[in-house]
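Participant: By the UniProt record's numbering, the letter at position 449 of the sequence shown is numbered 449, and the numbering carries on one by one without gaps.
Sharing a structure below in structure tokens format, with a few things to ask.
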Amino acid sequence: MEAVGVTPAPVAAPEKKKLLDLKDPFPAAANSGAKASSASKWATKKKLVGGDAGYVLEDVPHLTDYMPQLPTYPNPLQDNPAYSVVKQYFVNPDDTVTQKIVVHKTSARGTHFRRAGPRQRVYFQSDEVNAAIVTCGGLCPGLNTVIRELVCGLYDMYGVSSVVGIEGGYKGFYSKNTVALTPKSVNDIHKRGGTVLGTSRGGHDTAKIVDCLQDRGINQVYIIGGDGTQKGASVIYEEVRRRGLKCSVVGVPKTIDNDIAVIDKSFGFDTAVEEAQRAINAAHVEAESAENGIGVVKLMGRNSGFIAMYATLASRDVDCCLIPESPFYLEGKGGLLEFVERRLKDNGHMVIVVAEGAGQDLIARSMNFVDTQDASGNKLLLDVGLWLSQKIKDHFKKKPSFPITLKYIDPTYMIRAVRSNASDNVYCTLLAHSALHGAMAGYTGFTVAPVNGRHAYIPFYRITEKQNKVVITDRMWARVLCSTNQPCFLSHEDVENMKHDDDEHHHMHNTQLLEGGSSPVSKCNGSAAAV
Numbered sequence: 001m002e003a004v005g006v007t008p009a010p011v012a013a014p015e016k017k018k019l020l021d022l023k024d025p026f027p028a029a030a031n032s033g034a035k036a037s038s039a040s041k042w043a044t045k046k047k048l049v050g051g052d053a054g055y056v057l058e059d060v061p062h063l064t065d066y067m068p069q070l071p072t073y074p075n076p077l078q079d080n081p082a083y084s085v086v087k088q089y090f091v092n093p094d095d096t097v098t099q100k101i102v103v104h105k106t107s108a109r110g111t112h113f114r115r116a117g118p119r120q121r122v123y124f125q126s127d128e129v130n131a132a133i134v135t136c137g138g139l140c141p142g143l144n145t146v147i148r149e150l151v152c153g154l155y156d157m158y159g160v161s162s163v164v165g166i167e168g169g170y171k172g173f174y175s176k177n178t179v180a181l182t183p184k185s186v187n188d189i190h191k192r193g194g195t196v197l198g199t200s201r202g203g204h205d206t207a208k209i210v211d212c213l214q215d216r217g218i219n220q221v222y223i224i225g226g227d228g229t230q231k232g233a234s235v236i237y238e239e240v241r242r243r244g245l246k247c248s249v250v251g252v253p254k255t256i257d258n259d260i261a262v263i264d265k266s267f268g269f270d271t272a273v274e275e276a277q278r279a280i281n282a283a284h285v286e287a288e289s290a291e292n293g294i295g296v297v298k299l300m301g302r303n304s305g306f307i308a309m310y311a312t313l314a315s316r317d318v319d320c321c322l323i324p325e326s327p328f329y330l331e332g333k334g335g336l337l338e339f340v341e342r343r344l345k346d347n348g349h350m351v352i353v354v355a356e357g358a359g360q361d362l363i364a365r366s367m368n369f370v371d372t373q374d375a376s377g378n379k380l381l382l383d384v385g386l387w388l389s390q391k392i393k394d395h396f397k398k399k400p401s402f403p404i405t406l407k408y409i410d411p412t413y414m415i416r417a418v419r420s421n422a423s424d425n426v427y428c429t430l431l432a433h434s435a436l437h438g439a440m441a442g443y444t445g446f447t448v449a450p451v452n453g454r455h456a457y458i459p460f461y462r463i464t465e466k467q468n469k470v471v472i473t474d475r476m477w478a479r480v481l482c483s484t485n486q487p488c489f490l491s492h493e494d495v496e497n498m499k500h501d502d503d504e505h506h507h508m509h510n511t512q513l514l515e516g517g518s519s520p521v522s523k524c525n526g527s528a529a530a531v
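Following this line, the structure appears as structure tokens:
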């Protein structure tokens, strides 16, 4: 492909007013010796564009923000026979995706993100691209599908022939050799669980990682992982930019817990909910077959109870769902143990689903446990399933005339290790394609995911500033309570306080966006759509 001269970075519609310029405090020539740690100042810079009626575009960085002389090339997709039937090859450069889809007639247009998809001009020639893919953090169904579709998409759509995998997570950049990835080598990996590249927690050394990218000539890096991994990707982008490297840093968000903010859902979540049904069904069979049978199922959900909530709604066999966002207590009037006893008297059996992060404060108090962390900085959790099972057994030991049979099932690691289902396979394909379209178009420092059903490019800071949580004042949680007929274990005052915190968060976020400030962190996300 032939260079056609210099084209400036894509910008939003010219009528819009830029609210905050993204100025480089580390010019490549003047500050080549600046410390890598100082690049963290980039995290406070936001590329915001305003428009009429309260429109705000939270844009993502572009290579031309710090390398304005980059040439552009025709997108090879226009010659791809697979796209010959598509009416419109390329995304309109002014297309954006709104974050809030339900509005009132007097509402401001609100926050938008740049729409994902192929652009008419690209900033990389096919034979110039040297791409790398890495998976970090815990396992999740769909990892291999994302890897496969990144490789096949780069080869088949853009004619890229140099793609490597980084083995073993972040530390693989500087401690292991790369492995060549081709469509042939990844052809069947989507049929397996786990990740063919291996993974690990921790190991993030920014200087060593960017040294590796620079030494190996890698100019596109795709980083697949959760919010901690995406924070690491953001720092890598900042250091790449500080050094003035032509390298697109792209994140693909991954968490089985579905706790990444802003996005509709994370890949692997549908598979996890589907697999959780098997454990719940087994617990129900065990409980129903015994006198005063109780089935306790622990599901994943460190800080967010989405898997437990959706599995409970899908099953309809669950009598009580416990999640981190909704505190509960055991003893006394209205407590969990009283509810268990009442449900057994009424039905003769019951099933309890508990997310792994639920009740951690109760366990810690009862065991005088001191907080510890894993290599990723996550708080190590105590086994709430075993603890709860023992508490229930101890309670009924005091009632000899009320014998129970309790079975505890923990399928958490079985769920993580399965292959992705059909729905997640399609979703992973769309994520991978959106990611590589963005990289080829010169965007960098972003993650890709659907927002209100449309794939968008989202700045790293938006998905790392807080976690997505179940909103227990939302109608979805009310549906769970209606399904299980369990008490909510909250006072009226608790509920009102949570509603107030949620409203305050939305007001402060919108105000600070317009002022160019950072968003506050709230214990109630409020981003879950009320259906």
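Even for Gly, the Cβ is constructed at its ideal location relative to N, Cα and C.
Every value quoted in this text rests on a predicted model; they were computed, and no experiment measured them.
1) Would Lys191 and Arg419 qualify as a contact pair, given that the criterion is a beta-carbon distance under 8 angstroms?
2) Please tell me whether Val129 and Gln214 are closer than 8 angstroms, where the distance is taken between their beta carbons.
3) From the DSSP secondary-structure annotation, give me the bridge partner or partners of Cys321.
4) Look up Thr464 in the DSSP assignment and give the residues it is bridged to.
5) Which residues in the same chain as Ile236 place their Cβ atom closer than 7 angstroms to its Cβ, once the five residues preceding and following it in sequence are excluded?
6) As a quick exercise: from Lys171, Arg316 and Val179, pick the residue whose alpha carbon is nearest that of Val351.
7) Are the CB atoms of Gly295 and Lys407 within a distance shorter than 8 angstroms?
8) Apply the 10 Å Cβ neighbour rule to Ser161 and answer buried if 16 or more other Cβ atoms are within range, or exposed otherwise.
9) Where are the alpha helix (DSSP H) runs, 4 residues long or more, that stay fully inside the segment 121-183, in chain order?
10) Anyone know if the C-beta pair for Val186 and Val151 falls short of 8 angstroms?
11) In whole angstroms, give me the CA-to-CA distance for Ala417 and His62.
12) Assuming Val297 is part of the beta strand (DSSP E), what are its boundary residues?
13) Check for me: the beta strand (DSSP E) holding Tyr222 runs from which residue to which?
14) Counting Cβ pairs, one atom from each stretch, are 3 or more of them under 8 angstroms apart for the segment 45-63 and the segment 440-451?
15) Provide the residue(s) that pair with Arg454 in DSSP beta bridges, ordered along the chain.
16) Below 8 angstroms between beta carbons: does that hold for Asp257 and Met300?
17) Whole angstroms are fine: how far does the CA of Ala276 sit from the CA of Val285?
18) Specify whether the segment 130-142 and the segment 216-234 touch according to this definition: at least 3 beta carbon pairs, one from each stretch, less than 8 angstroms apart.
19) Could you check where the beta strand (DSSP E) with Gly110 kicks off and where it finishes?
20) State the Cα-Cα distance for the pair Leu22 and Asp59, rounded to the nearest angstrom.
21) Lys100 CB to nearest chain D CB: under 8 angstroms?
22) Please classify Thr195: does DSSP put it in a helix, a strand, or coil?
23) Can the beta-carbon of Leu330 be found less than 8 angstroms from the beta-carbon of Lys391?
24) Suppose you measure from the CA of Ser326 to the CA of Gly228; what does that come to, to the nearest Å?
25) In three-state terms, what does DSSP make of Glu331?
26) Determine the closest residue to Tyr413 out of His433, Cys212, Ala272 and Lys246, with distance taken between C-alpha atoms.
27) Give the secondary structure of Ser32 by DSSP, where H, G and I count as helix, E and B as strand, and everything else as coil.
28) Can you tell me whether DSSP reads Ser315 as helix, strand or coil?
29) Would you report the Cα separation of Ala355 and Pro324, rounded to the nearest angstrom?
30) In its own chain, which residues sit with a C-beta less than 6 angstroms from the C-beta of Arg454, not counting the 5 before and 5 after it?
31) Distance check for Gly142 and Gly226, CA to CA, integer angstroms please.
32) Which residue from Leu362, Lys397 and Pro403 puts its Cα closest to that of Asp383?
33) Three-state secondary structure (DSSP) at Gly50?
34) The beta strand (DSSP E) with Thr96 in it runs from where to where?
35) Are the beta-carbon atoms belonging to Gly251 and Phe113 less than 8 angstroms from one another?
36) By the three-class DSSP mapping on this structure, what secondary structure does Lys254 have?
Facilitator: According to the structure data:
1) yes
2) no
3) Val353
4) Beta-bridge pairing links Thr464 to no other residue.
5) Thr206, Ile209, Val210 and Val249
6) Arg316
7) yes
8) exposed
9) 143-158 and 172-175
10) yes
11) 36 angstroms
12) Gly293 to Leu299
13) Gln220 to Gly225
14) yes
15) Val451
16) yes
17) 14 angstroms
18) yes
19) Gly110 to Arg115
20) Because Leu22 carries a pLDDT of 40, less than 50, the predicted location of this residue cannot be relied on, and no value is offered for it.
21) Of the protein chains in this structure there is only one, and it is not chain D.
22) coil
23) yes
24) 24 angstroms
25) coil
26) Ala272
27) Only weak support is given to the placement of Ser32: the predicted model assigns it a pLDDT of 36, under 50, and the question is left unresolved by the model.
28) helix
29) 7 angstroms
30) Val97
31) 13 angstroms
32) Leu362
33) strand
34) Thr96 to Thr98
35) no
36) strand
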